[in-house]
Amino acid sequence: MELRHLRYFLAAAQLQNFTQASNYLHITQPTLSHQIKQLEEEIGCQLFDRVGRSVRLTSAGELFREYAKRTLQEVDSATDAIHDLENLKQGRLTIGVFSSFSASLLPPILADFSATYPGIKVTMLQLPTGEMEKRLHEGELSFGIAYGPPVAERVVAEELFKEQLAMVVGVDHPLFGQAKVRMAELSKHNLIMLTPEYISRRLVETAFIASGFTPRIAMEMNAIEPILATVRCSKLGTILSDRLVRTMPGLHPVMLSPPIVRTVALFTRQNAYVPAAARAMADLIKKSFL
């Protein structure tokens, strides 16, 4: 059994179609079919059920997939460790972040990192926390920046900083210029919010319930940029980090009473090898906030 057998198997398992998997792997379909057959013969059992043009994992295939993933994760970690010997002259780094962090806090850190380590390719993905934890668990991310604590098993968090949420309004909103707002008053204003899969949305709804009120959600979006653009030109408000909008023209954060506080943390996969590039980026982030 060779590593390519595992990579071919995992691609076919994910796409559930040999034609699509062979295109993804840049090999011919007969080659893929032959490699899968070799793997099944070596293991001694069938890994896929063929159903027309689609394939599905058998029970044995489901079990084998977990071990194949784990094996390739260990090989990738070993490869990263060897690349670290190049003293960060080259490499790759994939990080997941929540949207407000990527919009305002991360860009200057990325600029510093790129200037210091120009040979490191950085991929930044804007992800909800649940998806971020899933990708960390599967070894697809070097680390993540999210709101703690983590929910997924084998994902650990290190606190970076705490931040308060605020009612963010534009110049035409009646609360523009006000310093604080109580939940009773806030419940009278229409809001535009992130969609429910975001932790900050659930945190806000929980705070409303604890205060005995219901938020008036008039609109929801799955990205912060259009939310802020809409708030800036309307009488709708939103609830986001006050840190995010402090210096943004045309927007004003009104602090909440009682305050809603959340913890921003660095997420990693438990006991996973952290490559030098990821450690260098994480150190830059920590120095910025700790």
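Counting from 1, one number per residue, gives the positions in the sequence shown under our numbering. The beta carbon of each residue, even a glycine, is placed where N, CA and C say it ideally should be.
- Here the alpha carbon of Leu-72 sits roughly 14 Å from the alpha carbon of Leu-136.
- Burial is judged here by how many other beta carbons sit within 10 angstroms of a residue's own beta carbon; Glu-40 has at least 16 and is buried.
- DSSP, read as helix, strand or coil, puts Met-281 in helix.
- Burial is judged here by how many other beta carbons sit within 10 angstroms of a residue's own beta carbon; Ala-276 has at least 16 and is buried.
- Taking the C-beta atoms as reference points, Gly-170 is found no nearer than 8 Å to Leu-127.
- Membership of Lys-180 in any alpha helix (DSSP H) is not indicated; the residue belongs instead to the beta strand (DSSP E) covering 180-182.
- Shown here, Ala-218 sits in a strand according to DSSP, grouped into three states.
- Taking all protein chains shown into account, His-26 has fewer than 16 neighbouring C-beta atoms within 10 Å of its C-beta and is therefore exposed.
- Considering only Val-181, Val-231, Ala-184 and Arg-182, the residue with the shortest C-alpha distance to Met-193 is Val-231.
- Using a C-beta cut-off of 8 Å, the region 151-170 makes contact with the region 214-233, since at least three inter-stretch Cβ pairs fall below that distance.
- Here the alpha carbon of Pro-118 sits roughly 8 Å from the alpha carbon of Lys-89.
- Here DSSP, grouped into helix, strand and coil, assigns Ile-27 to coil.
- Looking at Ser-54, Thr-79, Thr-19 and Met-1, the one whose alpha-carbon comes closest to that of Gly-44 is Met-1.
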